[in-house]
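Q: Quick note on our numbering: the sequence shown kicks off at 4 and runs consecutively.
The structure follows.
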Amino acid sequence: MNVQVRLYMIKSILIFLVFSFSLLHSQTLPNSTTKPNENDIVSLDTNEIDPDSFWFMIEEDLSEVEIQSITESNFKTKNWKQIAVPGNLYKNKENYAAKKIVTLAKWIQFHKDPSIQLSFRLGVINDRDRTYLNGQLIGQTGEWNATTPQAYDKLRFYNIPSQLIQPGKNNLLLIKIQPYFGNSGGIEQDETLLGPTDKVNARFYKDEFIKLLFLTIYSTVGGYFLFLFIRRRKDRENLFFALFSFSFVIYNFLRNQLKYEFGFSFLEMKKLEYMTILLLIPFMYHFLRTLFEERYHILGKILDGIQLVCFLFFALTQNIETFSFLLTNFVQPTWVLYVVLIFTILFKNLRKKERRAFYITIGLTIVLFAAVVDTATNRNYWVFPRIMGYTFLVFNISLAIILANSFVKLNEEVEDLNKNLEKKVEERTDALNESLNQLQILKEKQDGDYFLTSLLIHPLARIDNQIPEIHIETYVNQKKKFHFRGKDGEIGGDICIVGTVNLELGEYTVFANGDAMGKSIQGAGGALVLGVVFQAVLSRAKSSYTKSRPPELWLKDLYIELQSVFVSFDGSMLSSVVLGMVAKDGLVYYINAEHPWSILYRDGVASFIETELSMRKLGFPKNDQYFQIKTFSLEPGDTLLIGSDGRDDIGFIQEDNTTRIINEDETLILRFVERSQSELSKLVYEIETSGEITDDLSFLKIEYNPKNTRMSLPEFVKKEYIEIKTKSKQGHYKFALEQIETLMKKFPHPNFYAFAGKLQYQLKNWGEAIQNFKLATNANPSREDYLYMTAKTLFKNNQMQEAVIWSERLFLRNKDHKQNTKLFLYLLDLTKNIDKKEFYLEFLTTNKV
């Protein structure tokens with residue numbers, strides 16, 4: 004079907020609609036002044052050409068007695084105004100009724116035929132009325148003086164009692180009207196007729212049932228599109244058009260006069276009508292937006308929000324005047340913006356020569372024209388029949404053409420596929436084989452890169468522990484596995500490194516458990532960098548300068564070197580890590596850079612030794628500001644487990660075997676450790692049997708089993724020590740010093756050294772005090788107060804450079820130690836370490852991450 008044929012079909016449909024509409028609503032009826040035959044339907048509408056066809060109005064509430072007393076002779080004694088009916092009586096603001104009662108009148112002539120029952124059709128009256136013929140009440144609608152609207156959109160049909168008709172004379176039709184809205188009133192819409200009851204009713208039901216017939220068609224179309232959506236959920240345009248169609252049907256049914264046959268509450272019907280009209284334009288916008296796959300514009304979101312707020316307001320409110328005011332002054336103006344968005348979508352696709360946009364534009368233009376006409380009619384700008392229900396058929400026809408084209412196109416594609424299926428399969432198979440060969444070549448090259456990278460990482464991840472009291476065990480399982488030239492391998496970002504460093508204060512086992520950011524080659528690159536820098540720092544540990552560094556400063560130097568290398572990658576390479584060193588006395592110095600918390604297994608119970616995040620990953624900008632060394636004392640038989648986040652990233656398969664969720668319980672690993680009794684092989688088995696491991700997994704296990712345990716002091720020594728301390732509190736420093744020195748020779752204990760140092764400090768024997776404090780610190784390095792007293796005594800003895808080192812050690816452990824921090828900054832000023840002071844001042848102004 005070519006374009007000319009389609010255009011011809013569209014033109015034919017439009018001509019048919021215009022003709023049908025004209026036939027239904029443009030029949031010429033005789034006017035009452037023409038004195039028609041009694042079997043004819045007579046129009047009582049005002050004809051501008053015929054001056055006798057005008058009605059009369061008076062803004063008075065005539066009583067029953069006054070109505071019955073009106074005759075032709077005294078009619079003009081009232082201040083009657085000539086008006087046109089139907090139409091709004093208050094088109095100008097200065098004439099607004101303010102809800103006062105008005106009375107309409109018209110003189111009518113009848114031919115008396117007793118066998119014919121006559122009726123009036125008085126159009127749509129706003130709001131309630133009482134209708135009289137020759138002074139007698141023949142019908143009324145609505146409760147008079149009610150606070151709520153009664154029937155301002157209802158057609159009035161009143162039968163005429165034959166005994167009230169005066170044949171051959173002028174009969175007075177008089178209608179008292181009580182408007183509901185202040186800015187409108189009277190016989191506003193439709194037509195006023197006089198004729199035989201059966202013909203008047205037949206004319207009414209014919210019009211209304213034709214409208215229902217159209218609504219039935221639209222309901223069917225909406226159901227069809229809803230069915231399409233149910234069968235293919237991703238085509239959401241079908242859902243939006245189905246919702247639009249159903250909303251359109253509901254709205255137009257609520258505008259149909261047959262709704263009054265069901266006995267529903269007028270107020271509830273109007274409320275539902277106002278709520279439904281809010282949905283029409285938004286549904287049309289979303290239909291076109293999803294049909295042409297356009298983005299959800301920010302303006303559309305704002306407009307949808309306005310419609311939703313009004314919809315909820317209408318649902319919770321009962322005031323019709325408020326509904327009408329909001330709809331007229333706020334909601335309907337927003338529809339103009341919707342129309343702009345709609346036609347923006349259509350014009351954009353018309354420029355792409357999208358055929359669907361062409362058909363929809365034609366149909367939608369006609370529908371929008373009808374919507375403007377109906378809106379103006381509802382606002383009483385003119386008297387005109389509602390045409391939206393008919394013109395919407397054009398839009399449905401345009402969609403039918405689109406669906407037909409899609410169906411034909413699909414059939415053509417299927418036919419073409421059937422004819423050339425074998426050839427297409429062969430071509431596709433060849434293409435797939437070629438792609439598979441290329442993929443195989445690329446995979447082999449990639450596996451070669453993986454193999455070479457793994458060869459580089461392997462020697463860096465050495466386990467070199469020389470302290471017999473410390474037992475080290477590691478486990479690394481990378482997620483990415485590969486096979487290259489008959490060799491199996493794995494590659495990832497997890498790495499475990501253990502080395503030994505000899506410092507002046509003793510021998511330490513240095514360890515690292517790292518997890519570099521990224522998968523496969525990216526993570527392996529981070530692990531490679533971490534291993535190279537770590538091993539380089541270990542190699543330099545043999546220099547005299549490095550050996551003289553205390554453990555806190557040596558660990559800080561290691562971290563700063565790693566951080567400076569990672570940060571040079573500008574955020575493209577990050578790594579979480581636990582760096583630490585452990586002495587043969589079981590004291591662990593460590594830092595945790597956003598790595599999972601370390602686990603202590605003691606006496607069959609597993610627990611975290613950390614509770615908060617203090618540092619970001621290696622490579623994070625300005626991470627030095629968060630640097631903090633933590634210490635932990637291992638007891639004989641303790642096990643310290645450090646692992647990557649693969650231990651927590653476990654995938655659990657749900658009962659339906661289709662859904663997988665990732666573990667979010669960070670304490671689950673503690674239960675695994677307890678069940679496995681911290682044995683790595685059993686621990687890994689517990690993890691693997693609980694679910695799927697979704698990431699690289701590594702563990703570094705440190706067991707502390709000293710050969711000699713520290714002997715506790717005898718009770719008599721403790722008693723003697725307490726007596727000596729009592730003497731010192733009484734001011735007998737020299738005596739107490741002599742006593743404690745004698746006791747130290749027999750029982751060397753850190754507390755005795757520290758106490759002797761304090762006594763020497765009181766006696767201002769700085770040199771001896773320094774010696775005793777150092778002995779106490781070396782014997783029990785976990786005591787922060789020993790570090791502080793050593794630094795303070797060195798300062799008193801004017802050994803500024805060494806005092807800086809001891810104070811810095813404590814500051815790196817605990818920057819919240821106010822006395823030490825104050826001393827440390829003062830020492831930096833004295834020694835003119837300006838750069839170091841600026842560096843550490845940032846520590847004090849930075850909160851924990």
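Note that the Cβ used here is the ideal one computed from N, Cα and C, for glycine as well.
Just so we're clear, the structure is a prediction, and the values are computed from it rather than from any experiment.
Between the C-alpha atoms of Q802 and K795, what's the straight-line distance to the nearest angstrom?
A: Spanning the two alpha carbons is a distance of roughly 10 Å.
Q: Out of curiosity, what's the CA-to-CA distance linking G185 and S76?
A: Going from the Cα of G185 to the Cα of S76 covers about 33 Å.
Q: Looking at C-alpha atoms only, which residue of I664, I104, V501, T134 is the closest neighbour of K704?
A: Nearest option by C-alpha distance: V501.
Q: What's the gap between the Cα of I498 and the Cα of F675?
A: One C-alpha to the other measures close to 22 Å.
Q: With distances taken from CA atoms, which of N781, R552, F572, R678 is nearest D606?
A: Per the Cα distances, R678.
Q: What's the gap between the Cα of V45 and the Cα of L196?
A: So the two alpha carbons sit approximately 6 Å from each other.
Q: Does DSSP put N505 in a helix, in a strand, or in coil?
A: Strand.
Q: Extract the residue ranges of the alpha helix (DSSP H) inside the stretch 685-740, only unbroken runs of 4 or more that lie entirely within it.
A: Entirely contained in the stretch 685-740, the alpha helix (DSSP H) runs reaching 4 residues are, in chain order, 718-732.
Q: Between which two residues does the alpha helix (DSSP H) harbouring M584 extend?
A: Careful: M584 lies outside any alpha helix (DSSP H), inside the beta strand (DSSP E) at 578-586.
Q: For S327, does the three-state DSSP call read helix, strand or coil?
A: Note: S327 maps to helix in three-state DSSP.
Q: Looking only at DSSP bridge pairs, what is R663 linked to?
A: BP columns for R663 point to I656.
Q: Quick check on the DSSP output: the alpha helix (DSSP H) that includes N352 runs from which residue to which?
A: Looking at the DSSP string, the run of the alpha helix (DSSP H) that includes N352 is 335-354.
Q: For L935, which residues in the same chain have their Cβ closer than 8 Å to its Cβ, ignoring the five residues on either side in sequence?
A: Missing from the structure shown is residue 935; the chain here goes from 4 to 852 and no further.
Q: What span of residues does the alpha helix (DSSP H) with L246 cover, start to end?
A: Looking at the DSSP string, the run of the alpha helix (DSSP H) that includes L246 is 239-257.
Q: Under 8 Å, with one C-beta from each stretch per pair, do the stretch 559-568 and the stretch 482-495 reach the 3-pair mark?
A: Touching, no.
Q: Distance, Cα to Cα, I632 vs V591?
A: Cα to Cα, I632 sits roughly 10 Å from V591.
Q: Going by beta-carbon coordinates alone, are S72 and G142 separated by less than 9 Å?
A: Not in contact: S72 and G142 (Cβ atoms no closer than 9 Å).
Q: Buried or exposed, going by whether 16 or more other CB atoms sit within 10 Å of the CB of Y362?
A: Label assigned to Y362: buried.
Q: Among R552, D627, A782, L439, whose alpha-carbon lies nearest the alpha-carbon of E845?
A: The shortest Cα separation from E845 among R552, D627, A782, L439 belongs to D627.
Q: What residue does the beta strand (DSSP E) around M520 start on, and which one ends it?
A: Per DSSP, M520 belongs to no beta strand (DSSP E) and is neither H nor E.
Q: As an exercise, report each continuous beta strand (DSSP E) stretch of at least 3 residues that is fully enclosed by the stretch 411-490, in chain order.
A: Segments of the beta strand (DSSP E) lying fully in the stretch 411-490: 473-480, 483-487.
Q: How close, in whole Å, do the beta carbons of P599 and D651 come, if the pair is a contact with beta carbons under 8 Å?
A: With 8 Å as the limit, P599 and D651 qualify as a contact, their Cβ atoms being about 6 Å apart.
Q: Can the beta-carbon of D156 be found less than 9 Å from the beta-carbon of I104?
A: For D156 and I104, no; Cβs fall outside 9 Å.
Q: Ordered along the chain, which non-local residues of its own chain (more than five positions away) have a Cβ less than 6 Å from that of M792?
A: Only F776 meet the Cβ criterion.
Q: Please report how far the alpha carbon of Y789 lies from the alpha carbon of N836, in whole angstroms.
A: Distance between the alpha carbons of Y789 and N836 is about 24 Å.
Q: Please list the terminal residues of the continuous beta strand (DSSP E) segment that includes K633.
A: Taken as a continuous stretch (DSSP letters only), the beta strand (DSSP E) holding K633 covers 633-636.
Q: Give me, in chain order, the residues of the same chain whose beta-carbon lies closer than 6 Å to that of I13; leave out the 5 immediate sequence neighbours on both sides.
A: Bear in mind that the predicted position of I13 carries a pLDDT of just 41, short of 50, making it too unreliable to give a figure here.
Q: If we require 3 or more residues per run, which beta strand (DSSP E) segments fall completely within the stretch 38-111?
A: Listed in chain order, the complete beta strand (DSSP E) runs (minimum 3 residues) inside the stretch 38-111 are 58-61, 84-86.
Q: Just mark Y341 as buried or exposed, buried being the case when its beta carbon has 16 or more other beta carbons within 10 Å.
A: Classification for Y341: buried.
Q: Since Y688 contacts D641 with CB under 8 Å, what's their CB separation in whole angstroms?
A: With a Cβ gap of about 23 Å, Y688 and D641 do not count as contacting.
Q: With 16 as the cutoff for other CB atoms within 10 Å, does F326 come out buried or exposed?
A: Burial call: buried.
Q: Is Y592 helix, strand or coil by DSSP?
A: Y592 falls in the strand class under three-state DSSP.
Q: Is there at least one Cβ from chain B nearer than 9 Å to A772's Cβ?
A: Note that chain B does not occur in the displayed structure, where there is just one protein chain.
Q: Can you tell me whether G198 is helix, strand or coil according to DSSP?
A: Three-state result, G198: strand.
Q: How is Q321 classed by DSSP in three states: helix, strand or coil?
A: Correct three-state label for Q321: coil.
Q: Assign T219 to buried or exposed, taking buried as 16 or more other Cβ atoms, counted over all protein chains shown, within 10 Å of its Cβ.
A: Exposed, since its Cβ has fewer than 16 Cβ neighbours within 10 Å.
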